[in-house]
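UniProt numbering applies: residue 1 is where the sequence shown begins, and numbers increase by one. Worksheet for the structure shown next.
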Amino acid sequence: MSKERGLLPSGQRAPDFELPSTPDQRVALSDLQGGPVVLAFYPADWSPVCGDQMTLYQTVLPEFARYDAIPVGISVDGVWCHRAFAENRAISFPLLSDFHPKGDVARQYGAYSDDDGVAERALYVIDPDGLVFWSHLSPRGLNPGADGILNALADLSAQPKGPQIQPDARRDVDVAEQVAGRREANQARRDELKGETP
């Protein structure tokens, strides 16, 4: 677990947000609760380092799946740019557009550069209850890789209430199916809570 300049500290509630993932679909952090979420803020689609970083996360999706973790990329690029970038790089996990108001979510997470108008290269692991478990800030020109994330997920799984490791993770991870399942479960919980209130 780390606390770096400007990033949210471990144990703090992760600010909820809702951002577009496609022109007609939005993803909220609260929709993804119930398992770990990896937030990967990055400066821009199409930059060489960002492309390599997001492609690496696509490659290690089965490792993330072992911990039931859903990765989410966030930059200030628009949804059409994300769509073209994801198709070009064969990325299947959500890329969210923090385009308008520009960088609003990145600012909430201490991951926005006012000087350049882009997100910093910041990583977060959010626990199943919506608390920051781990964070890391990398220099913009350096791909942070996946080791820090995977180590944080392993540490989280070792916690008493941490997610259970799935030793035989599927090789064909369907992140859309994972997101839909969590959304459904969270909506059922919200509906149940509404029924309990007087």
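Glycine included, each C-beta is placed from N, C-alpha and C at the ideal position.
Can you name the residues that DSSP bridges to Ala-106? Paired residue(s): none; Ala-106 is not in a bridge.
If you count every other CB in all the chains shown that lies within 10 Å of the CB of Arg-190, and 16 or more means buried, which is it? Under the 10 Å beta carbon count, Arg-190 is surrounded by fewer than 16 other beta carbons and is classified as exposed.
To the nearest angstrom, how far is it from the Cα of Asp-116 to the Cα of Leu-193? Taking the straight line joining both Cα atoms gives about 43 Å.
On a Cα-Cα basis, can you pick out the residue from Gln-187, Ile-149, Leu-156, Val-27 that is closest to Ala-40? Of all alpha-carbon atoms in Gln-187, Ile-149, Leu-156, Val-27, the one lying nearest the alpha-carbon of Ala-40 is that of Ile-149.
Tell me whether Ala-154 is buried or exposed, calling it buried when 16 or more other Cβ atoms sit within 10 Å of its Cβ. When all chains shown are included, Ala-154 counts as exposed.
What is the DSSP secondary structure of Arg-13, reduced to helix, strand or coil? Arg-13: strand per DSSP, three-state reduction.
Can you tell me whether Ala-119 is buried or exposed? The criterion is at least 16 other CB atoms within 10 Å of its CB, across all chains shown. Its Cβ being crowded by 16 or more others within 10 Å, Ala-119 is buried.
Taking buried to mean at least 16 other C-beta atoms within 10 Å of its own C-beta, is His-100 buried or exposed? His-100 should be labelled exposed.
Which runs of the beta strand (DSSP E) at least 3 residues long sit entirely within the UniProt domain "Thioredoxin" (8-158)? Give them in chain order. Taking 3 residues as the minimum length, the beta strand (DSSP E) runs contained wholly in the UniProt domain "Thioredoxin" (8-158) are 18-22, 25-28, 37-41, 70-75, 95-97, 121-126, 132-138, in order along the chain.
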